[in-house]
Structure formats: structure tokens, C-alpha cells
Amino acid sequence: MAAAIAGAAASTAVSITCSSSSYEDDGAATSWSLSSGTSSSSSSSQRQRPYRRLLHDEAQRLRRERRGQGSGAHTPRWVRRTPDQMARYVEDDRAGHVYGRHVVAAVRAARATASCSSPSSADMREAMASFVAKLTFREMCFVLHELRGWRQARDFFAWMKLQLCYEPSVVAYTILLRLYGQVGKIKLAEVTFLEMLQAGCEPDAVACGTLLCAYARWGKLNDMLMFYAAVRRRDIVPSISVFNFMVSSLQKQKLHGKVIHLWEQMLEANVAPNQFTYTVVIGSYAKEGMLEEAMDAFGEMKRRRFVPEEATYSLLISLCAKHGKGEEALGLYDEMKVKSIVPSNYTCASVLTLYYKNEDYSKALSLFSEMEQNKIVPDEVIYGILVRIYGKLGLYEDAQRMFEEIDKAGLLSDEQTYVAMAQVHMNVQNYDRALQVLDAMRARNVKPSQFSYSALLRCHVAKEDVDAAEDTFRALSNYGPPDVFCCNDLLRLYMRLGHLDKARALILKMRKEALQFDEDLCVTVLEVCCKTSINKDTDNLTEVIQNEGSSSKVLNPTDSSTLSMMLKSLLDKPGGLSSVSQLIMKFAREGSTDEAKFLYEHLTELGAKPDDTAIATLIVQYGQAQQLEQAQKLFETASTSFPVGGSVYNAMVDALCRCGKTEEAYRLFMELIDQGHNGDAVTISILVTHLTKQGKLYSAVSIYDRMISSGIPRSMQTFNIMISVYGQGGKLEKAVEMFSAAQELGLPIDEKTYTNMLSFYGKAGKHHEASLLFSRMKEDGIRPGKISFNTMINAYATSGLHNEAEIIFQEMQKNNHVPDSHTYLALIRAYTEGKCYSKAEEAIQMMLRSNMTPSCTHFNHLISAFLKEGQIDEAQRMYNQMEEAGIPADLACCRTMMRMHLDHGYVDDGILFFETACRLLKPDSFILSAAFHLYEHSGRESEAGDILDAINMSGASFLRNLKVGSKLEQVRNDTHAS
1 MAAAIAGAAA
11 STAVSITCSS
21 SSYEDDGAAT
31 SWSLSSGTSS
41 SSSSSQRQRP
51 YRRLLHDEAQ
61 RLRRERRGQG
71 SGAHTPRWVR
81 RTPDQMARYV
91 EDDRAGHVYG
101 RHVVAAVRAA
111 RATASCSSPS
121 SADMREAMAS
131 FVAKLTFREM
141 CFVLHELRGW
151 RQARDFFAWM
161 KLQLCYEPSV
171 VAYTILLRLY
181 GQVGKIKLAE
191 VTFLEMLQAG
201 CEPDAVACGT
211 LLCAYARWGK
221 LNDMLMFYAA
231 VRRRDIVPSI
241 SVFNFMVSSL
251 QKQKLHGKVI
261 HLWEQMLEAN
271 VAPNQFTYTV
281 VIGSYAKEGM
291 LEEAMDAFGE
301 MKRRRFVPEE
311 ATYSLLISLC
321 AKHGKGEEAL
331 GLYDEMKVKS
341 IVPSNYTCAS
351 VLTLYYKNED
361 YSKALSLFSE
371 MEQNKIVPDE
381 VIYGILVRIY
391 GKLGLYEDAQ
401 RMFEEIDKAG
411 LLSDEQTYVA
421 MAQVHMNVQN
431 YDRALQVLDA
441 MRARNVKPSQ
451 FSYSALLRCH
461 VAKEDVDAAE
471 DTFRALSNYG
481 PPDVFCCNDL
491 LRLYMRLGHL
501 DKARALILKM
511 RKEALQFDED
521 LCVTVLEVCC
531 KTSINKDTDN
541 LTEVIQNEGS
551 SSKVLNPTDS
561 STLSMMLKSL
571 LDKPGGLSSV
581 SQLIMKFARE
591 GSTDEAKFLY
601 EHLTELGAKP
611 DDTAIATLIV
621 QYGQAQQLEQ
631 AQKLFETAST
641 SFPVGGSVYN
651 AMVDALCRCG
661 KTEEAYRLFM
671 ELIDQGHNGD
681 AVTISILVTH
691 LTKQGKLYSA
701 VSIYDRMISS
711 GIPRSMQTFN
721 IMISVYGQGG
731 KLEKAVEMFS
741 AAQELGLPID
751 EKTYTNMLSF
761 YGKAGKHHEA
771 SLLFSRMKED
781 GIRPGKISFN
791 TMINAYATSG
801 LHNEAEIIFQ
811 EMQKNNHVPD
821 SHTYLALIRA
831 YTEGKCYSKA
841 EEAIQMMLRS
851 NMTPSCTHFN
861 HLISAFLKEG
871 QIDEAQRMYN
881 QMEEAGIPAD
891 LACCRTMMRM
901 HLDHGYVDDG
911 ILFFETACRL
921 LKPDSFILSA
931 AFHLYEHSGR
941 ESEAGDILDA
951 INMSGASFLR
961 NLKVGSKLEQ
971 VRNDTHAS
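Going by UniProt numbering, the sequence shown wraps up at 978, each residue one higher than the last.
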């Protein structure tokens, strides 16, 4: 029938024009009807019915007020009239002031036929018999318009056509079409439309729009679109109300593509859209994911000064967030707040999710506060997002409390909320609590999905519970092939626990299920292949990953090496070579140099070159393991096969230094500089340190000179290294020159550089220069640290300035630096150099009161000082205090005490000291020689012989010039001379 109507409407055979197109249709106030006729008739109608105009204006005002109330606004079914308005309205109709009393009577008579048990056309003719020749055509149209039932309208229209004043008109047919459309009598509407065409009435936009609305209202969308195409072929443009009805019905059926197509046709026909049109179209653009088009329509909507509704903003915010346009989404939300539009739960959830992804948690929590102020009741989705935010912030207790509030409110029914809380527990490695949450979810009959099973698998993998992890993986497989993340987790668990057989079986299962491997999973499988490369059954994995969707090459099916096949597959992926290089570095750092070398060799066989950082890491690892031959072989292979960068040279220099080949390291570094590569600061530091320790100061300085001649820019780290070289070599003037050169270049001088210079000034006895430099450091805004204070105290200690050292010590404490063992050692040294032995003892007591155990070195300074002053008893007292504190004597302390006993002739005490304190120490030439002389002086020849044998066996030198009681003899000589 619709096709017949479309064909008839498109026919050009009908040439009779409408006799009266200015009819009344106040359906603009309803939700489905068409606009009114010509402007003159409409204005005349409004003047005759002022109360309907007032009601229409009131409805518009209420609609504008409801726009800012959000999605929770309740739209009334009708507009309430005041009692006066209702009384006047009823009086006007019944008194017949508009159309006359006879018209009102005709309406009442026609409506009365509805009370008949079986109404028919005969009943209508009988009821309307007294109105024959009394009603004009216009009045009959009014009566037809006022009828409520479609049967009465049908019968009245049949009576109407029998009257002499009747003439075929599109007006009457349109009224009847509207009545049929209201009750869903589509077949009758189609018959009526065909009758109108056969009667010679040319359908206008209102008539066509009425039938289009009928189709749309009752879901006859295909018929609607077919009829619309026929209408457009006749160059009839429906009104915006009709277009709104059409796009709305299409959108309800989720036909968003057709909505957009109809919107484009409407714009081509120059039909001006209204607010409702923009709202529907923007919604369809959003559902189709067309962000640019949606934003263009939204901008045009605002330029036409239409106020968007909350639902429009909500859809656009969600769409921007999905497309990664976070700033635009937040801008839309701010625009909503400026216009005082209250957001819905859905909008708040979208914005909260955006804040969560951007890690802007403070704004997320402030939004939650705004929801409370606007009395927006959060739903479970919003609570779940807040739980995740608390978990990200480390607010474990707050997340737990929020989860309990959801439970108490009876909102806990979504699987994702349970999983969110479980993930919070997993983030703090509380896997038992996470399992409890997931178990509680199953106990409450919340149906699990892949999402919750994936979280459960991660828990079991973290707990290294293989049986539970395998059970979960099997349950996960019931929902289809597990994703690559779950497979990767289980595969890494097998590797971590050494279950390589299970790992290979899992890889074969993934291959049978045609799982598409991502880069991480490929690397894991590659790692399994390397771990099992020595085993005979490695070739069981030959066909793994052979048919990767992302691979652009067809792998050789005859290739028996699983590792080679995996490498080929991975190299075809973007960033695959980098992933393999990272795996080589991982093996190297773990000390698995065999696996790293195995992977490197297979990679080079395929003609691919690993990153220089991977080669360098493996060389450094060889150097740390003292495997210099392996490092040299790898370096030669890499430099011969591919051009290598400076990082590989630096690594080889480091390996040579660690293996004691400083000369070779020096020559290789010079070769690196000659080739234009920059040596990194760490390599230079290592090389210079080794050269300096071996006394090759000239070679260390030549590195710096070669860097300058090669045009390599000098960094602050370079100057630090050279300052250390010159300072350790005793060339203070050169160190000062380096420091001054760094200042002249405007390089930032850090605390480390200042501390080095303070140390060298102090060792040289230049305490005044050290003090000036210390003051300049503070003037430059560098706050001295503990090491700087310790260095400055040592500088004063070298010069014996204990008062100045004490002032620095007090300043250090004022700057909230807690003195450590090195601080007290420097202070004791300053006191002993200044011969303030009581203060030195007090410093040791301060350490004990601070629960800090002194070392033997702290006591040794005082013991040595007392011995120099000849205060033997005091030295012995300090040694006894050290023993009482449970501090064992070190080698230096034993030397000091043995010299005391030897020089002052304390033979028995010296032998006892040697036998009790020195036996367990490393053999020392002085201690053993002194013990020999003490034993020999006491006549114990056998013990002396044993000591001499021990000296010979240890390779130590025997000191024959030592004498027992040399100090006593000197005192006697001095006394005799006086």
C-alpha cells in the first residue's frame, strides 16, 4: 500500500489544486502533529482564541524553565489551567461564540453516536439529519476536527461528502489522516490518502507530513522513508516538525546512519533546524563515534542561540573522552557549570573516568563534593570509580570504607565494583583480601565474566599458586580463548617456577587456538625458547607463531629452529627489534650471559643488529664476571659485523678496567676519541680512577687534553673528574685551575665539587682557603650537607684548629644534620691535634649517649696521642675502655699497642697482648717482628722460632733493627747527659 501511495504521490497526472489551504491545525502544541497552515489563518485563529494562545505561551515558558533541571526533571502531561481560564474556555465553546451554537450542537450530535452499541454510517446520517444544509464547508471541517473517535470521524466524513456544499479539499483529508494516525490506523490512512489523490486534490506539505508522522509514530520506518522519497521527488519540503518526528523515530530504532542521512537532506532543502533537531542529530553523531561532525553541529546549535540540554552535553563529553580529547571534554563540563546545568549521573561518571585516566585525583574528589552539593545521588558506577581513585592514591582504608558504604546502601551488585576493590588490594600486594572480595562476589551470585576471572588469575599468579591459576585459566577458557594478557601472566608464572614443560604446552595450546600474539607475549615466548635452548625437545615449538596476523613474511616451514622462527615473527612487528634488545639486556643484568649470547647470535644470523645498549650491557656483564675473553670476542664480532656506537666502546673500556687491563683500556679510549665518539662520564671516571690508582697521572691528564683537542664539550662532570685527579695527585694548583675554569664557563657548581675542593684544601693544610670557599658555597645558595660539614671539620683538624672545628660542628647541628661516625672522628682528630684530650674523650662519650658505637679508629687517635705525649697509663686506660665497650682492636691499634710495649720494655704485657689480641689478625711485619723480639728478650726461643717461621710463610719482611726498651734507653741517655 505504501508503494502504491508513493507511486501515486509521485505521479504528475493529478493537476487539481487545493481549494482551501488555509485551514486550522493547532497540533504544534502536541508532541506529534504538524505545524499550522498559512500565517494569515494562524494569526486569525489566535486572535479568536486568546486563551489557547496564553496556554501555549505558558507551555513554552515552562519548557524553558525545565531545560536547566537536568535529566531528573519531570515533564507534565498537560498544562494546568486556572479555574477562571477553564470556565471561560468551556463557556466560549458551549455558548457558540466562536462558530455558533449550531456548530457546537453538530459536534455534540456527532460525538453522541459513539454511545451506540454498534455505530455505523446510518447512525451518523440519522444523527446529522437536522443539520443538512445548515453547515458550511468550513464548519463541517471544524466538526470533523473536534471528533475524538476514528469511527465517528470516518462516518462523519462519509456524511460530509454527501452535502451540497462539500467539495474535495486537502484540508478535510488532512484532518482525517491525523485522526487515523493518532490511533494507528495506518491502512485507513493510506486508503484515505489514495482517495484524496483520486479526488484530484494535490497533497501539500501538511498532508504529506501528517502521513509521514503516522508512519514514524507507529514504527513503519521503511514505508516512511519510501513515502518521503516520493514526496521529495515532487519538490514538497516537509516542515521542521515532521523532520523532527522522522529523525526521532529513526533514532529510537538505533538507525543512526539514516538519521544522519536525513539530516543532510534536510540541510540541502534549507529547512532551518530547531533545538530538538540538533539534540537528536548530535546524539546520532555521538552514537556513530563521529566526533568532528558532532562538534560542528554543536557549534552551529550554539551560534543559532539554542541552549543545549544536559543529555547533549553528556553525550559529547563521553564522545570526547573516548577519542582522547580530554581537554575538550572538560571544557564542555565547565561550560555546563557556567550555564547552571545540573549534570546527570552518567555525565559525572564520564568526567570522573576522565580525571581517573589523567591521574587528576584532586579534581575527581572535588567533583564528588559538587555532586553532594547538587544533591546528585551517586550510583554504583561512580562509587566504583572512587574506589579505584582511592586505590591509586594509596588510600587503602578510604577505598575499603567506600566499598563498605556501597554494600550498606544496597548498591553492590555490579561485577566491576568487586573487581575494582580487588585491584586496590592487589596494588598493595594484599592478595588474600583480593581473593576474599572475589569469593564474596561469587557467594552473592554475581555472575562472573572474563573481567573478574582475569583479576582472579592475576591474584593466583602473584601468590604463585599454580593449581589455582590453572583452574582459573580453564574457567576463563569457557568464555572463549583467553586474551594475551592472561596467557602472558600464566606463562611467566611457569617460567618463574621453572615449569618449562607446562610453558611449552601452553604455547602449543595458544597456537592451536590461533591466538594473535602481541609484542609482550612474543617476548615471553622468546624467553621460554632461550631458557630451553639447550634441551633436546626445543623443536616441539617449531610451529609456534608461524601464522601471525601481523607478520608480513611467510616463515619457512622447514626451519627447525623455534628461536629463529620466533625472532622472524617478532622482527616483523613494529618495535620488535627493540623488544629483542631489551630481552638481551634483561638476560645480561640477571647474569644469564649464556642465554643473552645465544639470543644475540641468532639475531645476527638473521642479519639484524641489536641496539648498542644491549651489546654494551652484555659486555659490561662479562667485565663484572671477569670474563674478559668473552667480552673481547663479543666486541670484535659486533664491531666487525656492524658499525657500533660510543656506548659499546665505553662498555669495553669499562670491562678492561674491571679486569685490570688499564693500559688496553686507555688505548681503546683514545681510539674512541679519535673516531669522534664522546666518552661518557661514567667511563671516563672509571678509567681515570684506575689510572690514578696506578700512579699514571700523566695518562689521566692526557685523556682530558685529548677531549679538549677533539672539540668534545666539557661538562661539569668532566671538571669534577679532573679536580679529583689533580687533587689526589697532590697538584692543588691544577685542581684550583680546573675549578676556576668551570666557573668561567658558567657551569653550575654543585655541592660535590665544592666538597672535593674543601677536602683538597684541608689535606694541603690551607684551612683559610677552605674557610673562604665554604662561605662562598653558602653565598651561592648551596646549603651544605653532612659530607660538606665533615670535610670542613677535617680541614680544621689537619691544622689543629679545634675551636673552629667545634664551631662548624655546632653549625652543622643547627642546620638539622645529625652527626655521624665520620663527624665525630673528624672532631676527635681536631681535639687530639690541638691536644684537648679531655674534649676528645667527651666526644666519644657523646657518641655513646647518642646510641652510636665508636669504632677502633676513634679510640686509636687518643691512644696514639697519649703515647706521643708519653702518657702510657692514659693510653692503656683508653684501650681498656675500648675493650669494655666490646670494640675489637684493628690492625692499626694493635701496631700502636705493640710499639708501646716494645719501646717501653713491657715484655710480659706485650707478649700477653700479642697472644690475646693479635693472633686473629692478618699477619703484619711490624707486629710479628715485635713479637719475635719480645719472645727472644724473655728467653722463649721456641716461641720466637715459631714467629720467625710464620714471618717466612706469610712472605712478610723481618725487622731486625727493633729493640726492646728503646724508649727507656733514650730516657737513660738523656738523664746521663744532663
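Glycine is no exception: its CB is placed at the ideal position from the N, C-alpha and C atoms.
Residue Ala434 holds the alpha-carbon nearest to the alpha-carbon of Ala455 among Phe243, Ala434, Arg474, Gly100.
The three-state secondary structure of Cys893, taken from DSSP, is helix. The C-beta distance from Tyr431 to Gln450 rounds to 20 Å, too long to meet the 8 Å contact threshold. Assigned with DSSP and collapsed to three states, Met290 falls in coil, not helix or strand. When rounded, the separation of the alpha-carbon atoms in Thr192 and Leu411 is 54 Å. Between the alpha carbons of Phe809 and Leu827 lies a distance of about 8 Å. By the criterion of a C-beta distance shorter than 7 Å, Met792 is surrounded in its chain by Leu758, Ala770, Phe774, Ile808, once the five residues flanking it on both sides are discounted.
Secondary structure note for Thr718: its alpha helix (DSSP H) is the uninterrupted segment 716–728. For Met510 and Val381, the gap between their C-alpha atoms comes out near 34 Å. Measuring C-alpha to C-alpha distances from Cys213 to each of Leu197, Leu179, Tyr166 identifies Leu179 as the nearest. Rounded to whole angstroms, Ser314 and Ala651 show a C-alpha spacing of 57 Å.
Of all C-beta pairs linking the segment 884–898 to the segment 945–957, fewer than three are shorter than 8 Å, placing the two stretches out of contact. Check the Cα spacing between Phe932 and each of Arg81, Lys963, Ile619, Leu921: the tightest is with Lys963. For Gln182, the closest alpha carbon among the candidates His145, Met160, Ser169 is that of His145.
In this structure, Leu197 sits away from Ala189, with a CB-CB distance that is not shorter than 7 Å.
Contact check for Ala638 against Val653 fails: the beta carbons are separated by 7 Å or more. Within the model, the alpha-carbon separation for Arg401 versus Arg458 is close to 24 Å. Around the beta carbon of Asp155, a 10 Å sphere encloses 16 or more other beta carbons of the protein chains shown; the residue is thus reported as buried.
Between Ser318 and Ala286, the alpha-carbon positions lie close to 8 Å from each other. Taking Gln265 as the centre and dropping the five residues before and after it, the same chain places the C-beta of Arg232 closer than 8 Å to its C-beta, in chain order. Each of Ala797, Asn790, Leu508 was checked against the Cα of Gly765, and the nearest Cα belongs to Ala797.
Assignment of alpha helix (DSSP H) within the segment 738–770, counting only whole runs of 4 or more residues, yields 751–763 in chain order. Sorting Asp123, Gly149, Lys161 by C-alpha distance to the C-alpha of Leu135 places Lys161 at the top. For Lys609, the secondary structure class from DSSP, reduced to helix, strand or coil, is coil. Residue environment for Leu656: buried (at least 16 other C-beta atoms within 10 angstroms of its C-beta). For Ala294, same chain residues with a beta-carbon under 7 Å away, outside a window of 5 residues either side, are Ile282, Tyr285, Ala286, Leu316, Leu319 in chain order. By the Cβ-count criterion, Ala409 is exposed, with fewer than 16 other Cβ atoms from all chains shown falling within 10 Å of its own Cβ. Beyond the five residues adjoining it in sequence on each side, Gly257 comes within less than 6 Å, by CB distance, of no other residue in the same chain. With 16 or more other CB atoms across the displayed protein chains lying within 10 angstroms of its CB, Ser581 is buried. Put simply, the backbone Cα of Lys254 is about 21 Å away from that of Leu267. In this structure, Thr916 sits away from Ala865, with a CB-CB distance that is not shorter than 7 Å. For Ala205, the enclosing alpha helix (DSSP H) stretches over residues 205–217. In the three-state reduction of the DSSP assignment, Lys633 falls in the helix class.
With a cut-off of 8 Å on Cβ pairs, the segment 465–472 is not in contact with the segment 436–446, counting fewer than three such pairs.
With a 10 Å radius around the Cβ and a threshold of 16 neighbouring Cβ atoms, Arg234 comes out exposed.
The DSSP-derived three-state label of Lys302 is helix.
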